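Take 1072 as the starting number for the sequence shown in our numbering and just add one per residue. By construction, the Cβ of each residue, glycine as well, lies at the ideal position given by its N, Cα and C atoms. Model, not experiment: these values are computed from the prediction. To keep things clear, I will list the structure first and then write my remarks on it.
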Amino acid sequence: MGNLDYNKLLLTVNIYETFIVKNKIMQKNIDIPLPILETIAEMMELHNLRHEVIAGNAMDKTVTLEIKYERETRSFMHDIEDYVEDFREGLITLG
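Structure (structure tokens):
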């Protein structure tokens, strides 16, 4: 089986697990209305939030994004949620 150093491997796994626990990556799925998708994309880019397109709904004119964020960027995630909610409540009008 080669010269695999199990102690080194175990240490590497423990360091990795500690890193994941301390830097927990959270994710949230959000339905983004198409008229504000560009603004939301700019907000995510500004704060280095990673995302993946999960689905689109032509009838509702929304795109579902899975946004990944860390504790340090949680407030930016709340800003995005607030912006979407404000748009839905008619508090944001687009030109």
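Considering just the uninterrupted stretch of the beta strand (DSSP E) at residue i, what are its terminal residues?
| i | result |
| --- | --- |
| alanine 1126 | 1121–1128 |
Give the secondary structure of residue i by DSSP, where H, G and I count as helix, E and B as strand, and everything else as coil.
| i | result |
| --- | --- |
| valine 1084 | Low local confidence applies: a pLDDT of 49 at valine 1084 is under 50, so the model's placement there is unreliable, and no value is given. |
| leucine 1108 | helix |
| leucine 1117 | helix |
If you drop the 5 nearest sequence neighbours on each side, which residues of the same chain put their C-beta closer than 7 Å to that of residue i?
| i | result |
| --- | --- |
| arginine 1121 | Lys1139 |
| isoleucine 1165 | The residue asked about is misnamed: residue 1165 is leucine in this sequence, not isoleucine. Once the five neighbours on either side are set aside, the close Cβ partners of leucine 1165 are Pro1106. |
If you measure between the beta carbons of residue i and residue j, is that distance less than 7 Å?
| i | j | result |
| --- | --- | --- |
| aspartate 1102 | threonine 1133 | yes |
| isoleucine 1125 | glutamate 1141 | no |
What distance in whole Å lies between the Cβ atoms of residue j and residue i, which are believed to be in contact at a cut-off of 8 Å?
| i | j | result |
| --- | --- | --- |
| methionine 1114 | isoleucine 1151 | 6 Å |
| methionine 1158 | histidine 1118 | The amino acid occupying residue 1158 in the given sequence is phenylalanine; methionine does not appear at that position. Not confirmed; about 19 Å, so no contact. |
Check for me: the alpha helix (DSSP H) holding residue i runs from which residue to which?
| i | result |
| --- | --- |
| isoleucine 1163 | Taken as a continuous stretch (DSSP letters only), isoleucine 1163 belongs to no alpha helix (DSSP H), as it is neither H nor E. |
Below 8 Å CB to CB, which residues in the same chain sit around residue i once its five sequence neighbours on both sides are set aside?
| i | result |
| --- | --- |
| isoleucine 1111 | Ile1103, Leu1136, Ile1151, Tyr1154 and Val1155 |
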